[in-house]
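Residue numbers (this note's numbering), protein chains in the order written: chain R, 1 to 366; chain B, 1001 to 1304. C-beta: ideal position from N, C-alpha, C; glycine also. In this text the structure is predicted, and so the values were computed from the model without any measurement. Report on one structure; see the data block that follows.
Below, the structure written as structure tokens:
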């Protein structure tokens, strides 16, 4: 016990005395939440728009106003014809154009109907498609208010469950939690252990009655504490700053996060048993953790749309299960019972990884 | 039974043979020195004795335990100070010492008397981080940490490398005091002048011991005439010139002088030949060999 207490104290001293790393560790979650919450988002806003009106009428005026009033569009130019419109796309002054046909107002009342052409910048397919969708919605919305012409057509009514405003932060917060916890726990633990090898202190520790379990356990403590603080910070920021409701049970979410923290610590440990230098440990955790977490966990690309091989591979990424669990518990507000699968898989991973890394912990220098 | 014994140990790293059939016996309560230049294999040998490396062949026993089978027993009984500074640089002097006491399940208070002599010298800096200490201070702290648990055998790998001459002298005085208390100490050093302070020394080169004896016996068995001469300004030229004299086996710099080895020439004969070769022989004199001379002599000839 005395060994463990002294060693845990030492590990905390290491962390607290390294102010630069401390700042990064505590600053990173805050910065990421703010970045993902506000700056980086998949929502499309402030689209610079040109409206092509060959012949002005009551309807075209009303539509133009509607576009300008929408938070998604800003009308930059009113043009007479589409001739030479590429020029404006090229110089970047507009990224979308809405072109009415010359006799738009009259055609609207004819049986063939009227046409509106949407011209978008196809070089960014995602933005173009989203912008076109928004524009269609604006036009439909404006026309249904005025005349009964649309009433005959089929109206689709889309309801977004759990995230009615389609805010991308609902998707990113669980992802950021998954990413930050694994980065701090795995990377920092592996670096902390390898640092002892590199500076030679491990050599002294090995020639002592210290059991490897105690060295490992005490190494994990400070990073576990740090991760819990970070987890709470992220949660607090999400609820207060990003207005994401904590729909589910706080304690189930915390338990899931604790299990995930242990998995990440064990991963860090495993990396440390395979590397000799701090640099290698950092690259190792970067390669082994960052890439799968970002690409295979469902953080950026949905798991369901991955090709078979990658879908199987993503099953081995702990972050995938954690992110799914957090989404269910936090956003969808499901009871803990519905997350039993995620709990079971993460617990299994924790036990397996811990066992492997304690077994692989080298008792000699060879 | 010897406190530490090593039998026919061999070790290679890939194609490089670090240790080629090394054997040694260290009596309980003695101060044993392993003397050799960098790359001789000293650190590898220490790591085998401290259970950190398993030799390719051969075996080693410490306090009656086998370094491979009874690893954990040995780790409880010995103290080890590696060649490079291996304490926590971001912890203070005090924190390092109490940490290592806890690692060995003891406290600083319990064994303070043991380290008191040394620790008193670094105590004024006890709140300073270990990384900010001077070289000598670091080594003293490392020694304190290595023996805070009253080990039966103390392994010190080049404890005085990079330490100023005054601190080196102090360090060796401490080792003598520890030995007086009955501790067995094995110490390695590249400094030949420290050899005379050990009970027994082994001269080591290229992964082999080529002489193990008391320092007195080693110098007694030198068996050749040794002369010294002040070289003046052109040391390098004199070195070649004197070595070329008929009957001279070797000539090498030794501090501010040159040492000349010859098995056949007397002082008078050498004086005559050196004078006729145009050297100022006013400082030429016969001198007693040191361990370094013996080392140089072995170095110039084959292993025994």
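- Item | Spatial distance of residue 1110 (chain B) from residue 1043 (chain B) (CA atoms) | 31 Å
- Message: What residue range does the alpha helix (DSSP H) around residue 28 (chain R) cover?
- Response: 19–34
- Task: Count the other C-beta atoms from every protein chain shown that fall within 10 angstroms of the C-beta of residue 216 (chain R), then say buried if there are 16 or more, exposed otherwise.
- Result: Burial check for residue 216 (chain R): the Cβ neighbour count within 10 Å reaches 16 or more, so the residue is buried.
- For residue 1022 (chain B), which residues does DSSP report across the bridge? B:1009
- Residue from R:358, R:73, R:257 and R:106 with nearest C-alpha to residue 274 (chain R): R:358
- Message: Using a Cβ-Cβ cutoff of 9 Å, what residues of the region 336–348 of chain R are near chain B? List them in chain order.
- Response: none
- Hey, does residue 3 (chain R) have any beta-carbon neighbour from chain B nearer than 8 Å? yes
- Is residue 1249 (chain B) near residue 1236 (chain B), with beta carbons less than 8 Å apart? Cβ atoms of residue 1249 (chain B) and residue 1236 (chain B): not closer than 8 Å.
- What residue does the alpha helix (DSSP H) around residue 1152 (chain B) start on, and which one ends it? Residue 1152 (chain B) -> no alpha helix (DSSP H), and no H or E assigned at all.
- Message: Let me see if you follow: with CB-CB separation under 8 Å, is residue 203 (chain R) close to chain B or not?
- Response: yes
- Item | Per DSSP, cross-strand counterpart(s) of residue 107 (chain R) | Its beta-bridge partners do not exist; DSSP assigns none.
- Item | Classification of residue 1085 (chain B) by the beta-carbon crowding that lies within 10 angstroms, buried from 16 upward | Its Cβ being crowded by 16 or more others within 10 Å, residue 1085 (chain B) is buried.
- Under 8 Å between C-beta atoms of residue 282 (chain R) and residue 187 (chain R): Contact flag set, yes.
- Message: Here's the rule I'm using: 16 or more other beta-carbon atoms within 10 Å means buried, otherwise exposed. How should residue 29 (chain R) be labelled?
- Response: buried
- Determine the DSSP secondary structure at residue 1055 (chain B), reduced to helix, strand or coil. The answer is coil: DSSP assigns residue 1055 (chain B) none of H, G, I, E or B.
- Item | 7 Å CB neighbourhood of residue 248 (chain R) in its chain, flanking five on each side removed | 329, 330, 333 and 334
- Query: Got a sec: is the Cβ-Cβ distance from residue 364 (chain R) to anything in chain B below 8 Å?
  - Reply: It does: the Cβ of residue 364 (chain R) has a partner Cβ on chain B nearer than 8 Å.
- Item | CB contact below 8 Å: residue 1067 (chain B) versus chain R | no
- One or two residues paired with residue 1079 (chain B) in a DSSP bridge: In DSSP, residue 1079 (chain B) forms a bridge with B:1154.
- Query: Which bits of chain R does residue 1072 (chain B) rub up against, with CB to CB less than 8 Å?
  - Reply: 209
- chain R beta carbons: is any one of them nearer than 8 Å to that of residue 1353 (chain B)? Because chain B spans 1001 through 1304 in this model, residue 1353 (chain B) falls outside it and cannot be assessed.
- Item | Residue-level contact to chain B via CB, residue 10 (chain R), 8 Å cutoff | Output row for residue 10 (chain R): interface = yes.
- Item | Spatially closest choice to residue 297 (chain R) from R:171, R:50 and R:206, by CA coordinates | With distances taken between Cα atoms, residue 297 (chain R) lies closest to R:171.
- Query: Which residues of chain R have a Cβ atom closer than 8 Å to the Cβ of residue 1050 (chain B), listed in chain order?
  - Reply: By Cβ distance, chain R contributes 207.
- Query: residue 326 (chain R) lies in the alpha helix (DSSP H); which residues open and close that run?
  - Reply: That run of the alpha helix (DSSP H) goes 318–326.
- Give the DSSP-derived three-state secondary structure of residue 8 (chain R) in the structure shown. helix
- Give the range of the alpha helix (DSSP H) segment to which residue 1130 (chain B) is assigned. The continuous stretches of alpha helix (DSSP H) do not include residue 1130 (chain B), and DSSP gives it neither H nor E.
- Item | Alpha-carbon spacing of residue 153 (chain R) relative to residue 245 (chain R), whole angstroms | Per-residue confidence for residue 153 (chain R) stands at a pLDDT of 48, beneath the threshold of 50, marking its modelled position as unreliable; the derived number appears in the next sentence. Looking at the two C-alpha atoms, the distance is approximately 37 Å.
- Proximal chain B residues relative to residue 200 (chain R), where beta-carbon distance stays under 7 Å: 1082, 1084 and 1086
- Message: Can you pull the chain R neighbours of residue 1102 (chain B), defined as C-beta to C-beta under 8 Å?
- Response: 2, 3, 5, 6 and 7
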